[in-house]
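Residue numbers (our numbering): 66 to 682.
Quick reminder that beta carbons are idealized off the backbone N, C-alpha and C, glycines included.
Since the structure comes first, as structure tokens, the remarks are kept for the end.
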């Protein structure tokens with residue numbers, strides 16, 4: 066006898082089987098991601114979504130099939146990017162919806178900053194959204210018509226779910242594709258109107274200096290008198306802001322207090338050295354457990370300037386800590402520097418916390434008592450519940466760097482014991498991407514450390530990196546620079562300018578000649594003289610309908626191309642030598658940021674204007 070199941074049971078089972086089939090097909094297709102130079106792409110190789118990398122082939126497929134493109138832009142070390150990978154893209158139903166309706170393109174923002182900026186500008190202006198990751202739906206002509214930042218799989222705490230947004234985009238396209246194209250045209254017109262605003266009027270030297278002094282006083286008035294630093298949590302070190310404040314007499318004390326706090330709180334790792342990305346609290350008690358090469362270089366430059374200004378050995382030691390950590394933990398075998406190491410996943414966080422009993426067991430009661438006093442550890446733990454929503458650190462201590470001029474040898478011994486124990490607890494995730502701009506900043510930091518500290522060790526490391534950078538990322542016959550080692554993606558304007566700054570910092574004639582050449586390529590291919598801004602990248606296929614500029618960022622973002630351009634220009638041409646023609650135009654654009662005293666100006670822009678104004682790199 067044949068038994069027929071009721072239809073209400075058959076249909077869900079069939080849908081589940083079909084979704085599972087699509088997921089297995091996606092996994093086979095995504096096998097190509099496993100060989101990508103991007104760790105972010107490799108991490109999605111087992112997704113239920115059939116991904117394509119960003120390429121002309123993806124756009125051609127969208128046109129041939131008359132489907133929108135779905136772009137997912139994220140980063141390997143970004144917590145919410147990882148969450149979408151785990152919760153959304155591994156879901157068979159999500160995969161079935163996306164694979165049927167869209168050409169799905171996965172983009173590492175570190176590999177394709179021009180696409181990241183293009184999508185962010187759309188979200189900023191049409192959705193009033195910012196942040197990562199980015200989800201954007203484009204017509205086959207690459208016009209954006211729908212988008213969002215992080216989306217949970219389904220509605221959560223009032224936030225719309227991914228399935229709803231994706232289904233809305235699919236329905237809108239099928240119902241009226243021409244209307245979506247028009248929405249894309251309207252969005253791009255709005256972005257272009259902002260991007261192509263008239264070049265601001267030039268400020269004379271006196272007006273510029275007065276504007277900078279006013280900005281410095283404004284920032285100094287916002288100093289956290291207890292913890293140092295500025296702003297709410299999460300709190301970032303903001304090294305370019307601190308470098309600017311060091312140059313302004315009325316704000317120098319605020320910079321020194323902030324740098325001293327940074328050197329002593331838990332953002333500075335007492336076990337391995339180096340600095341974490343940020344802290345989740347204003348006091349710097351609970352760091353975000355990511356360390357990047359770019360941050361080590363930028364923070365080292367701030368401490369080196371502070372050491373020069375104050376002759377304080379604590380600042381010299383902090384600069385060494387950042388650069389030595391980078392050399393020991395972030396340097397690749399070929400002499401370049403990888404992007405980051407990461408322990409921010411919930412399952413890893415507890416490895417950085419220590420109960421009082423664990424410290425006593427490792428060090429003995431007497432040594433543990435002294436160690437805990439120096440590093441802010443307590444018997445009941447030092448992590449507040451509000452700073453630990455996952456409760457992974459309940460009753461544990463995150464170690465502050467502290468000060469230990471007395472008993473430094475004993476402290477070093479204790480740190481070594483705990484470092485060995487921590488290494489056994491966890492294998493840190495490594496983002497092995499070698500980004501051109503990061504190499505430029507590290508080169509500048511190492512060269513500056515060699516001169517400032519009169520230490521040939523750092524000069525030798527700078528020379529090693531300079532050679533490795535040439536081998537891995539630079540085509541010296543054409544001057545072309547790759548964005549990532551192993552990738553065909555062209556470097557961004559900021560990459561060219563950062564590498565130029567790095568070679569200029571070496572000081573020798575061949576390096577300065579190369580620096581001048583790289584700066585010239587960035588200006589020739591990316592500088593918009595009419596508006597005084599750098600476009601993100603050189604023209605490359607597939608060509609976007611609107612070449613983007615980098616959207617206005619936050620303290621979490623690296624310095625913009627305009628900042629690096631002025632820093633590099635002055636490094637190549639210290640006063641009284643004339644600056645290149647692009648520099649005054651960039652200064653006009655950045656100088657306009659000083660006109661509204663109610664809006665704080667980002668530190669990187671202030672530092673660039675200060676360097677432009679003073680004539681001193």
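Check	Outcome
Cut-off 6 Å between Cβ atoms - residues of its own chain near residue 539, not counting five sequence neighbours on either side	546
Residue interval of the beta strand (DSSP E) (run including residue 494)	494–496
For residue 703, three-class secondary structure by DSSP	As displayed, the chain neither begins before 66 nor continues past 682, which places residue 703 out of reach and without an answer.
Neighbour flag for residue 158 against chain B, beta carbons, 9 Å	The displayed structure is made up of one protein chain only, and chain B is not part of it.
Of the listed residues 670, 385, 475, 397, nearest to residue 429 (C-alpha basis)	475
Sub-9 Å separation of residue 170 and residue 116 beta-carbons	yes
Sequence-distant residues of the same chain with beta carbon closer than 7 Å to residue 355, five excluded per side	142, 341, 342, 405, 407, 409
Rounded separation between residue 675 and residue 165 - CA only	54 Å
Sheet register partners of residue 173 (DSSP bridge)	139
Residues that residue 296 bridges to, as DSSP identifies them	Answer by DSSP bridge pairing: none, since residue 296 is not bridged.
7 Å Cβ shell around residue 381 - same chain, five flanking residues per side excluded	372, 518
Between the CA atoms of residue 603 and residue 591 - distance to the nearest angstrom	6 Å
Close-in-space but distant-in-sequence residues of the same chain around residue 368 (CB under 8 Å, 5 per side omitted)	324, 328, 380, 381, 383, 384, 387
Pair within 9 Å by beta-carbon distance, residue 484 and residue 336	yes
Three-state class that DSSP yields for residue 402 in the structure shown	strand
Buried versus exposed, by CB contacts within 10 Å (16 or more), residue 146	buried
Neighbourhood of residue 216 by C-beta distance below 8 Å, restricted to the same chain and skipping five residues each side	149, 153, 200, 224, 225, 226, 227, 230
Paired residues, beta bridge with residue 271 - DSSP	According to DSSP, which records beta bridges pairwise, residue 271 is partnered with nothing at all.
Where residue 109 falls: helix, strand or coil (DSSP)	coil
Separation of residue 396 from residue 637, as counted between CA atoms	27 Å
Residues sharing a beta bridge with residue 353, DSSP	343
As assigned by DSSP and simplified to three states, the class of residue 555	strand
Cβ-Cβ distance between residue 414 and residue 366 below 9 Å	no
Inter-residue Cα distance where the pair is residue 313 and residue 275	11 Å
Alpha-carbon spacing of residue 618 relative to residue 558, whole angstroms	16 Å
Proximity below 9 Å, CB of residue 254 to CB of residue 245	no
Stretch pair the stretch 438–452 + the stretch 482–500: three plus CB contacts closer than 8 Å	no
Distance between residue 315 and residue 347 (C-alpha atoms, nearest Å)	23 Å
Straight-line gap, residue 425 to residue 419 (C-alpha atoms, nearest Å)	10 Å
Residue 596 - DSSP class collapsed to helix/strand/coil	coil
Segments of 4+ residues assigned as alpha helix (DSSP H) that fall wholly inside the stretch 588–648	626–637
Residue 473 in three-state terms, based on DSSP	helix
DSSP three-state assignment for residue 419, whether helix, strand or coil	strand
Three-pair Cβ contact test at 8 Å for the stretch 281–292 versus the stretch 265–273	no
Host beta strand (DSSP E) of residue 222 (start-end)	No beta strand (DSSP E) contains residue 222, which DSSP labels as neither H nor E.
Reduced DSSP secondary structure (H/G/I, E/B, other) of residue 663	coil
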